[in-house]
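Going by my numbering, the sequence shown opens with residue 33, and the numbers climb by one from there. We treat Cβ as the ideally placed atom computed from N, Cα and C, and that holds for glycine. What you are looking at is a predicted structure, and each value in this text was computed from that prediction instead of being measured.
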Amino acid sequence: MTNKGHISKLHPFAKDTDAPDVNKGFKYQELKTLEVWLYNKVYGIDEHIYCDFEEDIFQRDLKNYKSTFKQLKLYSSKNFSFSSEEITKSLAHFFMLFVKGEYLMDEPLFIFETNTSIAGRKGDNDADLLAEWASNQDNLSDELVVKCTSKLKSIIDRYIKEQYEKIDKAGKNTELLIAKEVYDNLPNETWKVFTKSIRWVFAGISSETAIEISVQNSLDLISQLPFPIRKDEYSLVFDRLRGIVGDKSMQSDPYNRVLTNELLDIQLLRLGSKDDKIYLESYELWKDVKEIPNFIIGEFYQVLFAAKHCRRNSYLVDHSEVWIELLMIYFNHADTLRKLKREAVYEIVWLTFRPSVSEAPKNSLKGLEGLVKDYFSDFGKFEDLASLEDALNLLTVIATSQKFKLIDIEEEQIKEWFKLFNSLVDACKSTAPDSNFYCGLLELEGFSYLNKKSIGIGIEKDNIKKALLCFNEIIIELPKAPQYPISQLGKRIDAIIELYVRFGIEDETVKLEKYSEDILSHVQEREGDFSAAKRYTEKGWNYLHSTNPDGILKALDYFHKAKDLYQNKATYEGFVLAVMGISQLYAAIGMNLA
């Protein structure tokens, strides 16, 4: 380095490679950009992706200071060597990006990717060196680095000489003279770093095959997106996203050609359900709000309902922080009503914790202890079923997180809250206005005991016994409770049974399973054969993959019961589904002939 200039002073040698207003016909470039965009979303990579800015594809990780520049070449038959104009131009452009001031703090990666192959050795084309470089690019020996650097420098030397002579024929451009001196004095270590940052991809396939592979890769990635996309919708999603890539690449401002995970989420939500579209409207309205000067209850509920939709759908997990911040603003707002503050806390905890039935919880609630204690500070005022159910759900989440040391609240405090909950339910039962409300309280009380059993509070057998006492009392009260949703209770119990079956603890399901069957006759009486048959089918599917012989027999019994109830013209599809379940069950136990 000289005292006259910095490496970034080399920018005058750069060529303007942007041509946003010209349709280059590079549909392959769009396909590969779409592939990168989908890959990043599926694998949680947070990058800004640009199509036709700086390079054919430019990926920048602003958090980890990484930049990837990819040059794409799609040909029918052309092979490459160091004598190929495409190679020398790409390397020259890579070098100018390498020394560009905006990216000097980044860890760079330059990729030359083509569907064709390396040419055979001919004259001084150094095809053998290119092949050796490509084969060992992830583990270059010191000797190979020296050879590759020497070749690379000779190519860039020619480029700099040509540019210098072209730009300043009179030799009086001071800025260019400084740049030339900086270039001539670049240390060898800088050249080695540049050499090691280059990657080669020679696929050796036809252009048609390259396009087909890229399309299929994108379709495979679409199938892995966390959004609920049906197989018959893959092409629709593909076409929509490819159109977005094309539109972005034609933006006149290069920085508007950016593709992000958030943009992909927005496009998928626009293709989603009615609820997704309503959610998207709220998200776009609120995502950048940092202050709420005036409390308006309608706006609060818009945020609250959007937050609920976000936490109920795993594909929106990346939006959680937006709603948590907004709900915290509302919680701290002087004009927010006490009841609404509790609702805000409820969603904040759920959005933060985001539990999954398939893996142990890992998201910490530490730092939210004050909110949780505030939520339960006026427990005695919880009197409606919705508030009591929310309290039980939140209490169970807090107890679970405490077991995994994900929140700093003493176990004795949690036990005290459970005790207070049961006392409150007892008090509400004594003043219940009707049997519908009374049955709802019994249901909550029963599930409080099941939840305590699951998280290890109290004596396990006593908890099951107390839960069943509550549930059996519901059956006694049922004739006087015409509005009580008995089928909902059955579904909730079946969900617990399904978890027991999934985790191989079917011995604990016997009493609950018997109760679930007992209430099916009441479901059939209230809602007809179809609802009962549907429940039998669902229960059969739950046991279909059981490793326990008793579970297999239960599945068979449930499918046959469903078949008998479905056997009429109006429910023929259900009949077929039940028969399919029976056939799959026989296949599972090796009785294919049956």
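Inset, instruction - Pick helix, strand or coil for residue 57, following the three-state DSSP scheme. - result: Annotation note: pLDDT 35 at residue 57 (below 50); position unreliable, no value reported.
Inset, instruction - Quick one: give me the first and last residue of the alpha helix (DSSP H) that residue 182 is part of. - result: Note, residue 182: alpha helix (DSSP H), 174-199.
Legend entry - Which listed residue (474, 441, 362) has its alpha carbon closest to that of residue 417: 474
Legend entry - Residue range of the alpha helix (DSSP H) that includes residue 89: Here residue 89 belongs to no alpha helix (DSSP H); instead the beta strand (DSSP E) covers 87-93.
Inset, instruction - Compute the Euclidean distance between the alpha carbons of residue 55 and residue 377, then round it to the nearest angstrom. - result: No answer about residue 55 holds up, because its pLDDT of 37 lies below 50 and its placement is not dependable.
Inset, instruction - Please state whether DSSP places residue 231 in a helix, a strand or coil. - result: strand
Inset, instruction - Just the C-alpha distance for residue 213 and residue 123, rounded to the nearest angstrom, thanks. - result: Those two C-alpha atoms are separated by around 21 Å.
Inset, instruction - Verify whether the separation of the beta carbon atoms of residue 310 and residue 233 is less than 8 Å. - result: no
Inset, instruction - Please determine, among 383, 402, 401, the residue with the shortest C-alpha to C-alpha distance to residue 393. - result: 383
Inset, instruction - Counting only the same chain and skipping the five closest in sequence on each side, list residues whose C-beta sits under 8 Å from that of residue 623. - result: Here the model assigns residue 623 a pLDDT of 44, short of 50, so the residue's position is not dependable, and the following value carries that caveat. Contacts found: none.
Legend entry - DSSP beta-bridge partners of residue 167: In the DSSP secondary-structure assignment, residue 167 is not bridged to any residue.
Inset, instruction - Whole angstroms is fine: what's the gap from residue 192's alpha carbon to residue 178's? - result: Residue 192 and residue 178 have their alpha carbons spaced roughly 21 Å apart.
Inset, instruction - Please name the residue or residues paired with residue 100 in a DSSP beta bridge. - result: Looking at the DSSP assignment, residue 100 forms a beta bridge with 91, 141.
Inset, instruction - State the DSSP-derived secondary structure class of residue 315, mapped to helix, strand or coil. - result: helix
Legend entry - CA-to-CA distance, residue 313 to residue 323, given in whole angstroms: 19 Å
Inset, instruction - Below 6 Å CB to CB, which residues in the same chain sit around residue 366 once its five sequence neighbours on both sides are set aside? - result: none
Legend entry - residue 278, enclosing alpha helix (DSSP H) - first and last residue: 266-281
Inset, instruction - Report the rounded CA-to-CA distance for residue 292 versus residue 277, giving the unit in angstroms. - result: 11 Å
Legend entry - residue 229 vs residue 325 beta-carbon contact at 8 Å: no
Inset, instruction - Using three-state DSSP, classify residue 410 as helix, strand or coil. - result: helix
Legend entry - Close-in-space but distant-in-sequence residues of the same chain around residue 356 (CB under 6 Å, 5 per side omitted): 380, 383
Inset, instruction - Give the straight-line distance between the Cα atoms of residue 279 and residue 273, rounded to the nearest whole angstrom. - result: 10 Å
Legend entry - Straight-line Cα distance separating residue 506 from residue 337: The alpha-carbon separation between residue 337 and residue 506 amounts to approximately 31 Å.
Inset, instruction - Answer with buried or exposed for residue 130, where buried requires no fewer than 16 other C-beta atoms within 10 angstroms of its C-beta. - result: buried
Legend entry - Through-space distance from residue 67 to residue 105, alpha-carbon basis: 16 Å
Inset, instruction - Might you give, ordered along the chain, the residues of its own chain that have their beta carbon closer than 6 Å to the beta carbon of residue 343, omitting 5 neighbours on each side? - result: 382, 383
Inset, instruction - Taking 8 Å as the threshold, find out whether the region 456-471 comes into contact with the region 508-515 through three or more Cβ pairs. - result: yes
Inset, instruction - Kindly confirm or deny that the region 110-118 and the region 148-157 touch, where touching means at least three C-beta pairs closer than 8 Å. - result: yes
Legend entry - Alpha-carbon to alpha-carbon, residue 77 and residue 361: 29 Å
Legend entry - Nearest residue (CA-CA) to residue 70, options 85, 91, 84: Of the listed residues, the one whose Cα sits closest to residue 70 is 91.
Inset, instruction - Could you have a look at residue 389 and say whether DSSP puts it in helix, strand or coil? - result: coil
Inset, instruction - With a threshold of 16 other CB atoms inside 10 Å of the CB of residue 195, please say whether the residue is buried or exposed. - result: buried
Inset, instruction - Would you kindly check if the distance between the Cβ of residue 289 and the Cβ of residue 84 is under 8 Å? - result: yes
Legend entry - Run of the alpha helix (DSSP H) containing residue 458, from where it starts to where it stops: That run of the alpha helix (DSSP H) goes 443-462.
Legend entry - Option in 239, 403, 74 with minimal Cα separation from residue 296: 74
Legend entry - Own chain, CB closer than 8 Å to residue 294, minus 5 neighbours either side, in chain order: 350
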